[in-house]
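Taking it in order: structure first as structure tokens, then the write-up.
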Amino acid sequence: MKTKKIFLNVTLLGFIYFLTVGFIKSPQTDYTPIEQGKWVAPASADKITNPLKGDIASIVSGQKTYKMLCLVCHGPKGKGDGMAGAGLTPKPADLTSSTFQSQSDGAIFWKIEQGRSPMPSYKTSIPEKKRWEIINYLRTLK
Ligand code: HEC
Numbered sequence: 001m002k003t004k005k006i007f008l009n010v011t012l013l014g015f016i017y018f019l020t021v022g023f024i025k026s027p028q029t030d031y032t033p034i035e036q037g038k039w040v041a042p043a044s045a046d047k048i049t050n051p052l053k054g055d056i057a058s059i060v061s062g063q064k065t066y067k068m069l070c071l072v073c074h075g076p077k078g079k080g081d082g083m084a085g086a087g088l089t090p091k092p093a094d095l096t097s098s099t100f101q102s103q104s105d106g107a108i109f110w111k112i113e114q115g116r117s118p119m120p121s122y123k124t125s126i127p128e129k130k131r132w133e134i135i136n137y138l139r140t141l142k
């Protein structure tokens, strides 16, 4: 009789545990990197215009910043094959691809500003002008 009661209690506790832990844990699974969908900038980002458009001199400076801060992940030619990117999920984007290059400068600007895990946000660490320089450099990679 007694053992039956204990057995019931243990089963009940186990069930409650399963429910709470299952409940607490489930929202986290929404953030696993593998489930991260395609990264799309909002339409409003397309309206941000590049103040350095056509400025050839900015490309050299943009390349310098790229080598310093982006190459580790995105690779020497922007292919997404940087050393630090090899173990990341998702993989760093191929910045030479036509899918990438078909975006507006504003959308790319927005993404560099925002970042998305595992890519950091550069909103405060790279001044706006430097970010436009990088974009002008990225346009030479296609
Ligand atoms: C720690 C590694 C890392 C560094 C450093 C890094 N990125 Fe990224 N980047 C990523 C990853 C990973 C993604 C893909 C993110 C996703 O799809 O959610 C990405 C995506 C992007 C995208 C969006 C690509 C697309 O498909 O639209 C741009 C633009 C970009 N990176 C530019 C840069 C620039 C510019 C720098 C340097 C200032 C930089 N990244 C530094 C890892 C990195």
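Each residue of the sequence shown is one higher than the last, beginning at 1 in UniProt numbering.
Ideal Cβ placement from N, Cα and C applies to all residues, glycine included.
Contact test: residue i Cβ vs the ligand HEC heavy atom, cutoff 8 Å
i, result
"residue 43", "no"
"residue 39", "yes"
"residue 64", "no"
"residue 139", "no"
"residue 60", "no"
"residue 75", "no"
"residue 121", "no"
"residue 91", "yes"
"residue 96", "no"
"residue 99", "yes"
"residue 87", "no"
"residue 127", "no"
"residue 82", "yes"
"residue 134", "yes"
Beta-bridge pairing of residue i - partner residues as DSSP gives them
i, result
"residue 116", "119"
Residue i, enclosing alpha helix (DSSP H) - first and last residue
i, result
"residue 99", "98 to 101"
"residue 132", "128 to 138"
"residue 58", "56 to 69"
Anticipated Cβ contact below 8 Å, residue i with residue j, distance rounded
i, j, result
"residue 122", "residue 131", "7 Å"
"residue 133", "residue 44", "The pair is not a contact, with the Cβ atoms about 23 Å apart (cut-off 8 Å)."
"residue 135", "residue 109", "6 Å"
"residue 84", "residue 73", "5 Å"
"residue 139", "residue 39", "Actually they are not in contact, since the Cβ atoms of residue 139 and residue 39 sit about 19 Å apart, beyond 8 Å."
"residue 41", "residue 107", "4 Å"
"residue 120", "residue 88", "Residue 120 to residue 88, Cβ: 12 Å. No contact."
Would you be able to state if there are at least three C-beta pairs under 8 Å between the stretch 121 to 137 and the stretch 58 to 66?
-> yes
If you pair each beta-carbon of the stretch 38 to 53 with each one of the stretch 71 to 88, do three or more pairs fall below 8 Å?
-> no
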